[in-house]
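For reference, the structure discussed in these notes is given below.
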Amino acid sequence: HWYPYNERLICIYCGKSFNQKGSLDRHMRLHMGITPFVCKFCGKKYTRKDQLEYHIRGHTDDKPFRCEICGKCFPFQGTLNQHLRKNHPGVAEVRSRIESPERTDVYVEQKLENDAS
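Read in this note's numbering, the sequence shown has 119 at position 114, and its numbers run on one by one without any break.
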């Protein structure tokens, strides 16, 4: 259920406003110290499932971000961006997920054509 701007849900601890009850509930976990999502590798705890999933990539071989220039894969978008800046200077930071390389190929081709002109 969405709440209009004038009926927003307000956090009683910090005053931050939300337009969905689920968003406020997730936010409240921060203030209440509730961390139900635990890393099975190191025991680190998180308030949100997506935070844990992101963290776990650092422990595993899950590398969904691929450099379209050389094919090397990375666990995080940020590490791909660092690789591009260091190893392929002048090439735009390409947001490439292995699941949809065709969209990125078009972008890279367009970017390289634009840079050449």
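Cβ atoms here follow ideal geometry from the backbone N, Cα and C, with glycine treated the same way.
Range of the contiguous alpha helix (DSSP H) that encloses residue i
| i | result |
| --- | --- |
| R34 | K26 to M37 |
| R90 | Q82 to N92 |
Residue i classed as buried or exposed, judged by whether at least 16 other C-beta atoms fall within 10 angstroms
| i | result |
| --- | --- |
| S101 | Residue confidence for S101 is low, a pLDDT of 45 falling below 50, so the modelled location carries little weight; the figure read from the coordinates is stated next. Buried, since its Cβ has 16 or more Cβ neighbours within 10 Å. |
| V99 | Any reading at V99 needs caution, since the residue's pLDDT is 47, under 50, leaving its predicted position unreliable; the model's value is listed next. Per the 10 Å Cβ criterion, buried. |
| R71 | buried |
| I64 | The question names Ile, but residue 64 in the sequence shown is His. Exposed is the call here. |
| P36 | According to the sequence displayed, residue 36 carries His and not Pro. So H36 ends up on the exposed side. |
Anticipated Cβ contact below 8 Å, residue i with residue j, distance rounded
| i | j | result |
| --- | --- | --- |
| L123 | C44 | In this structure the chain extends from 6 to 122, so residue 123 is not present and cannot be described. |
| C78 | K68 | 4 Å |
| R31 | R53 | 6 Å |
| H93 | I74 | 5 Å |
Run through the stretch 41-76 for me and flag every whole beta strand (DSSP E) of 3 or more residues, listed as ranges in chain order. none
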